[in-house]
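Chemist: First, the structure itself, so that you have it in front of you.
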Amino acid sequence: AADSDGQTGLDAFAGDSAEDGAADGPDGEVATAAGEEGAVEIVVDQRELDSTIARDLSTRDGVETRLETLAVGDYVCSDRVVVERKTVSDFMDTLTGGDRSIFEQVKDATRYYDRPVVIIEGTDLYGERNVHPNAVRGALTSLAVDFGASVLRTTDEDETTEMLAVLADREQTDNDRVVSAHGEKSAKTLAEQQEYVVASIAEVGPVTAQSLLSTFGSVEAVVTAGEDELTEADGVGSVTAERIREVVAVGTSRSVGVFSARKNSKYSLGGH
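Under our numbering, the first residue of the sequence shown is numbered 688, with each subsequent residue one higher.
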């Protein structure tokens with residue numbers, strides 16, 4: 688409802704308050720509500736069953752759940768909203784190469800959903816790993832600015848459950864949208880693969896990667912270009928150019944060093 692000054696009060700965003708869910712089904716299985724009138728529906732990826740979220744949603748008044756093996760995302764709240772859930776540890780894995788890139792996952796999501804959402808669950812985002820806080824902030828801003836994803840923070844699985852219920856209610860009740868799980872991870876075209884490779888260099892992002900490829904024409908030309916040449920691309924300043932060259936050069940130097948060390952070790956085993 689609107690306040691006297693015409694602004695919408697906070698209670699309008701909360702929707703009707705829901706009572707806590709009933710007891711779990713037999714043996715702790717996830718139960719799906721049977722056609723509850725006025726209920727919202729959330730499609731849950733079956734790989735999320737390791738968390739308590741799916742069970743808590745399924746026993747919650749006003750929420751129906753449907754289990755599927757989703758090609759994109761972890762939860763679908765409408766025909767345009769898909770949610771990728773990451774614990775802080777999961778999120779850091781995607782930044783340090785231990786898991787499939789969050790950027791790649793969100794890019795897949797944007798192929799089929801207009802409003803991708805990333806929920807990062809946990810409290811110690813900047814202290815989980817030995818990763819500079821600015822690198823974490825850069826990843827968060829890239830998700831929002833370069834990929835158009837909304838990034839939401841929750842403290843634990845309980846709060847994530849609440850957030851998903853509110854998202855679904857806002858989409859399906861307030862905006863009268865329906866749930867539609869769709870999309871497949873399509874094979875990347877050559878141009879998309881090239882963009883992904885360049886975007887990974889010094890974390891320049893997809894927009895800068897497109898600019899570099901447009902200017903130089905190939906991945907090889909980008910990684911072999913000098914600093915002055917790199918700044919000829921739109922959006923590439925001296926700092927970015929220097930960072931790209933540093934990443935490329937250090938990687939090559941280390942590779943050569945390792946190869947040389949192995950080669951020398953091989954020929955010195957027998958002694959002279």
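Even for Gly, the Cβ is constructed at its ideal location relative to N, Cα and C.
Given the structure is predicted, the values throughout are model-derived calculations rather than measurements.
Classify R798 as buried or exposed, calling it buried when 16 or more other Cβ atoms lie within 10 Å of its own Cβ.
Modeler: The residue is exposed, with fewer than 16 neighbouring Cβ atoms inside 10 Å.
Chemist: Flag this pair as touching only if the stretch 851 to 860 and the stretch 758 to 775 have three or more C-beta atom pairs under 8 Å; answer yes or no.
Modeler: Yes, since at least three Cβ pairs between the stretch 851 to 860 and the stretch 758 to 775 fall closer than 8 Å, the two stretches touch.
Chemist: In this structure, how does DSSP classify T752 when only helix, strand and coil are distinguished?
Modeler: Of the three classes helix, strand and coil, the one that applies to T752 here is strand, per DSSP.
Chemist: Helix, strand or coil for D921 per DSSP?
Modeler: Correct three-state label for D921: coil.
Chemist: According to DSSP, is S837 part of a helix, a strand, or is it coil?
Modeler: DSSP places S837 in strand when its eight states are reduced to three.
Chemist: So which of R857, A855, T756 and D843 has the shortest CA-CA distance to T739?
Modeler: Comparing Cα positions, the closest option is D843.
Chemist: Assign D737 to one of three DSSP states: helix, strand, or coil.
Modeler: Of the three classes helix, strand and coil, the one that applies to D737 here is helix, per DSSP.
Chemist: My understanding is that L782 touches A822, with C-beta atoms under 8 Å, so please give their C-beta distance in whole angstroms.
Modeler: That pair is a contact at about 7 Å.
Chemist: Which of helix, strand or coil does DSSP assign to T902?
Modeler: Looking at T902 - three-state DSSP - the assignment turns out to be helix.
Chemist: Should Q733 and E755 be called a contact, given that it needs their Cβ atoms to be closer than 8 Å?
Modeler: Yes, the pair counts as a contact, with Cβ atoms nearer than the cut-off.
Chemist: Applying the 10 Å Cβ sphere with the 16-neighbour rule, what's the burial state of D795?
Modeler: Buried.
Chemist: Taking the DSSP output, what are the residues bridged to I729?
Modeler: DSSP output for I729 lists T752 as bridge partner(s).
Chemist: Between which two residues does the alpha helix (DSSP H) containing R798 stretch?
Modeler: Taken as a continuous stretch (DSSP letters only), the alpha helix (DSSP H) holding R798 covers I789 to Y799.
Chemist: Within the continuous beta strand (DSSP E) that includes R772, where are the two ends?
Modeler: Here the beta strand (DSSP E) through R772 covers V768 to T774.
Chemist: What residues match up with Y762 in a beta bridge as DSSP calls it?
Modeler: Beta-bridge pairing links Y762 to V731 and V770.
Chemist: Since F778 and S829 should fall inside the 8 Å C-beta cutoff, what is the C-beta to C-beta distance between them, to a whole number of angstroms?
Modeler: Actually they do not touch by this definition, with Cβ atoms about 13 Å apart.
Chemist: Beta carbon of V769, beta carbon of P803: below 8 Å?
Modeler: Cβ distance < 8 Å, so V769 and P803 count as in contact.
Chemist: What does the alpha-carbon distance come out to for the pair F834 and V793?
Modeler: Each residue's Cα considered, the two are about 7 Å apart.
Chemist: Closest to E933 by C-alpha separation, out of E907, P893, E916 and I888, would be which residue?
Modeler: Of E907, P893, E916 and I888, the residue nearest in Cα terms is I888.
Chemist: Would you report the Cα separation of E735 and E929, rounded to the nearest angstrom?
Modeler: Going from the Cα of E735 to the Cα of E929 covers about 42 Å.
Chemist: Are at least three pairs of beta-carbons, each pair with one atom in the stretch 909 to 919 and one in the stretch 881 to 900, less than 8 Å apart?
Modeler: The answer is yes - the stretch 881 to 900 touches the stretch 909 to 919, with three or more Cβ pairs under 8 Å.
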